[in-house]
Amino acid sequence: MSKKLCKLVSDDILENDIKAYTKLVNEARFVCKKCGRVAKDEDNLCKPKAIKVKKSKKAD
Ligand SMILES: [Zn+2]
Numbered sequence: 001m002s003k004k005l006c007k008l009v010s011d012d013i014l015e016n017d018i019k020a021y022t023k024l025v026n027e028a029r030f031v032c033k034k035c036g037r038v039a040k041d042e043d044n045l046c047k048p049k050a051i052k053v054k055k056s057k058k059a060d
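Counting from 1, one number per residue, gives the positions in the sequence shown under the working numbering.
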């Protein structure tokens, strides 16, 4: 079971393991509708919502 970022932050991950945190948020693809945090993996958010990444639509 993955830990939620919301929980990790309240557990002081930012002070204790900023590297682990940046790994989770790097290339974020989901945003939490509850607390506004972002993560690469939706399992790490309490209310995940996919971020729509605009892809350059040049090729038809
Ligand atoms: Zn959250």
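Backbone N, C-alpha and C define an ideal beta-carbon position, used for all residues, glycine too.
Inspect the beta-carbon positions of residue i and residue j and report whether they are closer than 8 angstroms.
i          : j          : result
residue 5  : residue 37 : yes
residue 25 : residue 39 : yes
residue 13 : residue 31 : no
residue 43 : residue 10 : no
Could you tell me which of the options sits nearest to residue i, measuring between CA atoms?
i          : options    : result
residue 41 : 27, 33, 54 : 27
residue 7  : 19, 45, 55 : 45
residue 33 : 19, 49, 23 : 49
Starting from residue i, follow its DSSP beta bridges and name the residues at the other end.
i          : result
residue 32 : 48
Please list, in chain order, all residues with a C-beta atom less than 7 angstroms from at least one heavy atom of ligand 1. Taken from the N-terminal end onward, the list reads 4, 5, 6, 32, 34, 35, 37, 45, 46, 47.
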